[in-house]
Amino acid sequence: MTTVPANEAFALEAIGHIQSDYPDKFGIPRQPGLAPAARAELVLEGAYADPLAVRGLDAFSHLWLTFVFHQSPERWTPLVRPPRLGGNAKVGVFASRSTHRPNRLGLSLVELTGIETRGGVRLRLAGCDLVSGTPVLDIKPYLPWAEARPEARAGFAPEPPPRVAVGFEAAARAALACRPDGDELSALICQVLAQDPRPAYHRDKGAAERLYGVRLRDVDVRFRAVGDGLRVVEIAPA
Numbered sequence: 001m002t003t004v005p006a007n008e009a010f011a012l013e014a015i016g017h018i019q020s021d022y023p024d025k026f027g028i029p030r031q032p033g034l035a036p037a038a039r040a041e042l043v044l045e046g047a048y049a050d051p052l053a054v055r056g057l058d059a060f061s062h063l064w065l066t067f068v069f070h071q072s073p074e075r076w077t078p079l080v081r082p083p084r085l086g087g088n089a090k091v092g093v094f095a096s097r098s099t100h101r102p103n104r105l106g107l108s109l110v111e112l113t114g115i116e117t118r119g120g121v122r123l124r125l126a127g128c129d130l131v132s133g134t135p136v137l138d139i140k141p142y143l144p145w146a147e148a149r150p151e152a153r154a155g156f157a158p159e160p161p162p163r164v165a166v167g168f169e170a171a172a173r174a175a176l177a178c179r180p181d182g183d184e185l186s187a188l189i190c191q192v193l194a195q196d197p198r199p200a201y202h203r204d205k206g207a208a209e210r211l212y213g214v215r216l217r218d219v220d221v222r223f224r225a226v227g228d229g230l231r232v233v234e235i236a237p238a
C-alpha cells in the first residue's frame, strides 16, 4: 500500500473568475440556490477561454464549480461555529461548509443560463453564491440521477434556513421604480435579506434600531429590523 505524504503540495491554476451581484461577502446567501434572482458570470481566461472547452456544456442546466475562498484567511482551525447553530456550538471543520478550511476550496451548484463565446468565453449563471473576483478552478456538469439523493441525512442542517419577512420604505420603493432592473433587483434584495444576514448575536430586540447595509450590484441596501422581519429604508448608489 502506497503512503501519500501528508504535506504533499499540488499546483492549481484558476481557469477564470466570477463577476456577480455580490461585490462584498456580507449578505451572500450561505448556500447556492437560495437567491435565484442573483446573476453572475464566469469569465474563462487564458488558454481556458477556448470555445472548444465548453462544447456541449449548453446541454446541461446546472454545473458544479470548484473555487477558492480567496477572501478567507489561510489559517484554519479544527473546530468552527456554523451560523446554522447560532454561532455558538462548535463542530469539526470537515463536518461543516465553513470558509476557514485547510485548502480554502469551495463547491457550488449553480444554474447555467447561457454561454457567450464571442470574444472569449463567458458562462451566465443564476443562483450563484460567490463574491465577485472568486477564482474558479474547475467546472463539471451536474447529473441529477447520480448526485441528487433526497434520502440523505443532512446533520445539523436538515432543511433550508427559515426566512424572515422583508418590507420596503416608500423611499426605497421609489429608488427601485427608477431603475430598468427594478423588479429584478427587488426580488434579489428580498431573497438575500430573507436569509437574515445579520450576525446571530445581533438578532435580539436591543438591536432593533441598528442600521445595516449590504451591497448588491451597484447599490448599497440599508435595512433594519422591524418586529420579526427586516425593512429596507434606503437604496443608494454604491
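For the sequence shown, position 122 (counting from the first letter as 1) is numbered 122 according to full-length UniProt numbering, and the numbering increases by one without interruption.
All C-beta atoms in this analysis are idealised placements derived from N, C-alpha and C, irrespective of residue type, glycine included.
Out of curiosity, what's the CA-to-CA distance linking residue i and residue j?
i, j, result
"Leu-143", "Ala-177", "40 Å"
"Arg-104", "Phe-69", "5 Å"
"Arg-210", "Asp-196", "14 Å"
"Glu-45", "Ile-139", "13 Å"
"residue 241", "Ala-126", "Only positions 1 to 238 of the chain appear in this structure, which leaves residue 241 out of reach."
"Leu-42", "Gly-229", "33 Å"
"Val-54", "Arg-149", "27 Å"
"Ala-238", "Val-232", "15 Å"
"Val-166", "Leu-188", "11 Å"
"Thr-77", "Asp-50", "39 Å"
"Ala-14", "Leu-65", "11 Å"
"Arg-215", "Ala-225", "17 Å"
"Ala-146", "Leu-193", "33 Å"
"Gly-227", "Ala-9", "51 Å"
"Gly-213", "Gly-92", "31 Å"
On a CA-only basis, which of the options is nearest residue i? Give me that one, please.
i, options, result
"Phe-94", "Asp-21, Pro-82, Ser-61, Asn-88", "Pro-82"
"residue 266", "Gly-33, Arg-231, Ile-235", "With the chain covering only 1 through 238, there is no way to say anything about residue 266."
"Phe-26", "Pro-141, His-17, Arg-101, Pro-199", "Pro-199"
"Ala-59", "Leu-112, Arg-75, Arg-122", "Leu-112"
"Gln-19", "Pro-158, Val-136, Gly-92, Val-219", "Val-136"
"Glu-74", "Pro-180, Thr-99, Val-214, Ala-6", "Thr-99"
"Arg-39", "Gly-114, Glu-234, Glu-169", "Gly-114"
"Ala-171", "Gly-182, Val-192, Ile-235", "Ile-235"
Quick test of your reading: residue i and residue j, contact by CB under 8 Å. State the CB separation rounded to the nearest angstrom.
i, j, result
"Ser-132", "Tyr-22", "6 Å"
"Val-110", "Leu-185", "Wrong, their Cβ atoms sit about 20 Å apart, outside the cutoff."
"Ser-61", "Val-80", "Incorrect: roughly 32 Å between the Cβ atoms, too far for contact."
"Ala-157", "Arg-84", "5 Å"
"Phe-67", "Gly-120", "With 8 Å as the limit, Phe-67 and Gly-120 do not qualify as a contact, their Cβ atoms being about 19 Å apart."
"Pro-141", "Leu-57", "7 Å"
So if DSSP puts residue i in a beta bridge, which residue, or which two residues, is it bridged to?
i, result
"Asp-220", "Arg-215, Ala-236"
"Arg-198", "In the DSSP output, where bridge partners are listed per residue, Arg-198 has none listed."
"Ser-20", "Ala-40"
"Arg-231", "Gly-167, Arg-224"
"Ala-126", "Arg-39, Glu-111"
"Val-136", "Gly-16, Phe-67"
Item to check | Segments assigned beta strand (DSSP E), at least 3 residues, entirely inside the segment 38-119 | outcome: With a minimum length of 3 residues, the unbroken runs of beta strand (DSSP E) contained wholly in the segment 38-119 fall at 39-44, 62-68, 105-116.
Checklist entry - What are the complete beta strand (DSSP E) segments, minimum 3 residues, inside the segment 139-190? => result 166-168
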